[in-house]
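Asks: According to the numbering used here, the residues represented by the sequence shown are -16 to 645, in order.
Note that beta-carbon positions come from the ideal geometry of N, C-alpha and C, so glycine has one too.
Predicted model, so just to flag it, every value in this text is computed and none were measured.
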Amino acid sequence: MRIFYRVLIISSVLIFVGHSSFAQDTVKIQEVEVKSNRSKVEFNQAARSISVISKEEIGNSPAKTLNELLEFSSNIDIKQRGQNGVQADLSLRGSSFEQVLILLNGVKMTDPQTGHHSLNLPLELLDIERIEILKGGASRIYGPGAFAGAINIITKNPKKSQGIIQALMGQYGLKKQAISASVVEKKHSHLISFSRQNSDGYIRNTDFQQRNVFWQSELTFKKSNWKLNAGQNEKSFGAQSFYTATFPDQFEEIASQFASIIGEVNQGKWSIEPKVYYRKHQDRFELFRESPSFYSRLAQGGFANNFGDTVSWYSGHNYTQTQVYGAEINVQYISKLGQTSLGMDFRKEEILSNGLGELLKKPIQVKNEDPTALYLRGAERENRSFYAEHNYLGEKLFVSIGAMYNLNTDFEDELFPGVDISYQITKKIRPFASVNRSFRFPTYTDLYYKLGGAKGSINLKPEESINYELGFKYSGNTQYAMISGFRREGKNLIDWIRYSGSMTTQAANLTEVNINGIEVEYVLQANSLLQKIPLLNKLRFAYAYLYSDNKSTGFESNYVLDFLNHKADLLTQFKIANHLFIDWNFSFQDRRGEFVNANGQSKFFKPVFISDLKASAQQKNLTLFIQVSNLFNQSYFDIGNVVNPGRWISLGMSYKFDFEKD
């Protein structure tokens, strides 16, 4: 607790020192509308802790993928299982990877099989306009899944007809190509992008291939706007020790498709926002990789490798298909009393699998697979949510109060209320506070998984939490600062645990787990202060400290009690010459918890200092760049037994061109 209060006091002093030192700023930081409530509000007015990553930051970042971009974001913990977007578990404010909701243009992309698939998105960084990171429970806004927060990825609205070509190559046989094209007319615009990348892998069984296609059309009418999205993401990758070190030679192949229609209809003081969407995800997981260099299928059953090791008990691979159908509607009315919103949300989740769900009456053949590949099990559930919210925006006071009532076919009905308040003390300083209740349903993996020493539980209850937050924001012309303290009181949190002396990892509800923390964020753009620091063009700093009231006594926690105690991020941009830039990111991460290695020994996570760098030269429409991930060649684990790559150097180019009009 002493550390918590010391950091709070020191950070508060820094913010107010910044306020007095930079009062003469003249260039205003860009304002955006964010979805911190059912209705959009100005970023500076939001009574929540929110971070926004702009398209300029995305374009300049040393990151090659969304996963790597979020690695250096405030209080986000990206546990990577391989670089370059292969797979990563995303945690926010010490949550598990299942407790953060991922949205694409406000459409839920959560997969009911497992949160390991949350970042399987058909996007490249060049498709993204900005990323909004809402921290703290958000179930009354976004429904189930936004247990610890939500990340909303907003795609670009093209302003002109243009094409972009990108190419990259690097160590370990890395190759990547991407192309994006947009056509803009007066009443409609269209965007389509394709990309593919592959690598031989940085160690044995870490090779991968990826392909993405994304399409977007926007239609503008007199009183309405419509956005149509569709995309496909395909990956196949060696999954060395991804889920267990006992059987390291794993492999996974996934394919996902989605489509959505998003509308906004305006009629005077009324507005209606309808959404419909569909998502399909297919997963093939091989506990023993079937290929000439690894394992071969035996005629009498089982598998064997080139060294003569036989696995007779392993009858075949895991096949899973999920489908999600959803529809939402949000109705808003603006009056003298503020903004009133009412909404409904329907979502149906289906799963077919040979290992997850209840037994089917008749097996279903898995398409394009071995004749022995059958879906033997399945399940489905429906969820309905009803929302109500009112936002009052006075001259200085902002209040948002609302609730969501949820009905699910598999679990009990629940009410989830919340309130957010902020008050403008001065033109630039605004304190805020919020209290919100949130929840998450178990995934089908939590409920049914039984393979390779792991066992789910059909008796799991939904997770619940109450989220408290108190903070201050400073919004200057060229700088932004925020400090907040928060507490998440969790009940029935779902974790995969291993009791001392046991070789089985099992899903269980932990009775009570409370996470406390403080986070600080500071952004400084070019102004009189930076002009005194040679070459420095922009700076962003973030720090988060987390601690829990609970410890894993008598068992090893895989997710809930494995979080970053300390995380500090520094993002800088240096302008070396008119057309030469260096973007240099740093992150210090001190992870709590331990893991059992392949030899059965208990190991603690060690603190790590990570740095990524990008140097780029721009000349008109052509940009040449060099990217270096893990610049100082650190050896570290985000997840037990899954070693991250060392230094990884790549070279690339990007070329933009305008389409000529008749």
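#1: Are three or more beta carbon pairs between the stretch 617 to 630 and the stretch 587 to 594 nearer than 8 Å?
#2: Over the uninterrupted beta strand (DSSP E) stretch that includes residue 566, give me the two end residues.
#3: According to DSSP, is residue 264 part of a helix, a strand, or is it coil?
#4: Which runs of the alpha helix (DSSP H) fall wholly inside the stretch 44 to 89 and span at least 4 residues, in chain order?
#5: For residue 382 and residue 198, I'd like the C-alpha separation in whole angstroms.
#6: Pairs of beta-carbons, one from the stretch 260 to 279 and one from the stretch 216 to 236, closer than 8 Å: are there three or more?
#7: Could you check whether residue 145 and residue 165 sit closer than 8 Å to each other, using their CB atoms as the reference points?
#8: Could you pull out every residue in the same chain whose Cβ sits closer than 6 Å to the Cβ of residue 471, ignoring the five residues on either side in sequence?
#9: Name the one or two DSSP bridge partners that residue 257 has.
#10: Could you check the C-alpha separation between residue 355 and residue 286 for me, to the nearest Å?
#11: Could you tell me whether any non-hydrogen atom of the ligand NAP is closer than 7 Å to the CB of residue 132?
#12: Please state whether the Cβ-Cβ distance between residue 548 and residue 530 is less than 8 Å.
#13: If you draw a straight line from the C-alpha of residue 402 to the C-alpha of residue 28, how long is it?
#14: Could you give the uninterrupted runs of the beta strand (DSSP E) lying entirely in the stretch 317 to 341, keeping only those of 3 residues or more?
#15: Is DSSP giving residue 291 helix, strand or coil here?
#16: Contact defined as beta carbons within less than 8 Å: I believe residue 340 pairs with residue 278. What is the distance between those atoms, to the nearest angstrom?
#17: For the putative contact between residue 136 and residue 59, defined by C-beta atoms under 8 Å, what is the C-beta separation to the nearest angstrom?
#18: Among 53, 334, 283, whose alpha-carbon lies nearest the alpha-carbon of residue 306?
#19: Between the alpha carbons of residue 192 and residue 223, how many angstroms are there, rounded?
#20: Based on DSSP bridge pairs, tell me the residues matched to residue 506.
#21: By how many angstroms is the C-alpha of residue 303 removed from the C-alpha of residue 56?
#22: With a cut-off of 8 Å on the beta carbons, I'd call residue 386 and residue 76 a contact; round off their distance for me.
#23: Short check: CB of residue 457 to CB of residue 500, under 8 Å?
#24: Helix, strand or coil for residue 41 per DSSP?
#25: When you compare only the Cα positions, how much space is there between residue 79 and residue 602?
#26: Do residue 127 and residue 366 have their CB atoms nearer than 8 Å?
#27: Assuming residue 324 contacts residue 273 (C-beta within less than 8 Å), just tell me the rounded distance between them.
#28: Give every residue of the same chain whose Cβ lies closer than 7 Å to the Cβ of residue 4, excluding the five residues on either side of it in the sequence, and list them in chain order.
#29: Can you name, in chain order, every residue of its own chain whose Cβ lies under 6 Å from the Cβ of residue 201, other than the five neighbours on each side?
#30: Classify residue 276 as buried or exposed, calling it buried when 16 or more other Cβ atoms lie within 10 Å of its own Cβ.
#31: With burial defined as no fewer than 16 other Cβ atoms inside 10 Å of the residue's Cβ, what is the status of residue 30: buried or exposed?
#32: Mark residue 11 as exposed unless 16 or more other C-beta atoms lie within 10 angstroms of its C-beta, in which case mark it buried.
#33: Given this structure, state the Cα-to-Cα distance separating residue 564 from residue 61, to the nearest angstrom.
#34: Let's see if you can read the secondary structure: which residues bound the beta strand (DSSP E) around residue 174?
#35: Mind checking whether residue 579 and residue 478 have CB atoms under 8 Å apart?
#36: Whole angstroms is fine: what's the gap from residue 295's alpha carbon to residue 288's?
Replies: So, from the listed chains and residues:
#1: Yes: at least three Cβ pairs fall under 8 Å.
#2: Judged by DSSP secondary structure, residue 566 falls within the beta strand (DSSP E) whose first and last residues are 563 to 574.
#3: In the three-state reduction of the DSSP assignment, residue 264 falls in the strand class.
#4: As for any alpha helix (DSSP H) of minimum length 4 sitting wholly inside the stretch 44 to 89, the runs are 49 to 54, ordered along the chain.
#5: Here the C-alpha atom of residue 382 lies approximately 38 Å from the C-alpha atom of residue 198.
#6: Contact holds: three or more Cβ-Cβ distances are below 8 Å.
#7: Remark: C-beta atoms of residue 165 and residue 145 approach each other more closely than 8 Å.
#8: Cβ neighbours of residue 471 beyond the five flanking positions: 448, 450, 498.
#9: Residue 257 pairs with 312.
#10: In a straight line, the C-alpha of residue 355 is about 14 Å away from that of residue 286.
#11: Looking for the ligand NAP in the displayed structure turns up nothing, as the structure carries no ligands at all.
#12: Cβ atoms of residue 548 and residue 530: closer than 8 Å.
#13: Spanning the two alpha carbons is a distance of roughly 15 Å.
#14: Taking only runs of at least 3 residues, the beta strand (DSSP E) segments lying wholly in the stretch 317 to 341 are 321 to 336.
#15: Residue 291: coil per DSSP, three-state reduction.
#16: That pair is no contact at about 26 Å.
#17: No, residue 136 and residue 59 are not in contact; Cβ-Cβ is about 13 Å, not under 8 Å.
#18: Nearest option by C-alpha distance: 334.
#19: For residue 192 and residue 223, the gap between their C-alpha atoms comes out near 15 Å.
#20: Per the DSSP secondary-structure output, residue 506 pairs in a beta bridge with 463, 523.
#21: Residue 56 and residue 303 have their C-alpha atoms some 32 Å from each other.
#22: Taking a contact as a CB-CB distance under 8 Å, the pair residue 386 and residue 76 does not count as one, their CB atoms being some 22 Å apart.
#23: Between residue 457 and residue 500, the gap from beta carbon to beta carbon reaches 8 Å or more.
#24: In the structure shown, residue 41 adopts helical secondary structure according to DSSP, grouped into three states.
#25: The alpha-carbon atoms of residue 79 and residue 602 are separated by roughly 44 Å.
#26: Here residue 127 is near residue 366, since their CB atoms are less than 8 Å apart.
#27: With 8 Å as the limit, residue 324 and residue 273 do not qualify as a contact, their Cβ atoms being about 51 Å apart.
#28: At residue 4, the pLDDT of 36 sits below 50, so the modelled position is not reliable; the number obtained from the coordinates is stated separately. Cβ within range, chain order: n/a, list empty.
#29: Only 172, 210 meet the Cβ criterion.
#30: Answer is exposed; the Cβ neighbour count stays below 16.
#31: By the neighbour-count criterion, in which a residue is buried when 16 or more other Cβ atoms sit within 10 angstroms of its Cβ, residue 30 is buried.
#32: Confidence in residue 11 is poor, its pLDDT being 46 and thus under 50, which makes the residue's placement unreliable; the coordinate value appears in the next sentence. Classified as exposed, residue 11 has fewer than 16 neighbouring CB atoms from the shown chains inside 10 Å of its CB.
#33: A straight line joining the alpha-carbon of residue 564 with that of residue 61 spans about 26 Å.
#34: Secondary structure note for residue 174: its beta strand (DSSP E) is the uninterrupted segment 171 to 182.
#35: Against a cut-off of 8 Å, the Cβ pair of residue 478 and residue 579 comes out as no contact.
#36: The straight-line gap from Cα to Cα measures roughly 12 Å.
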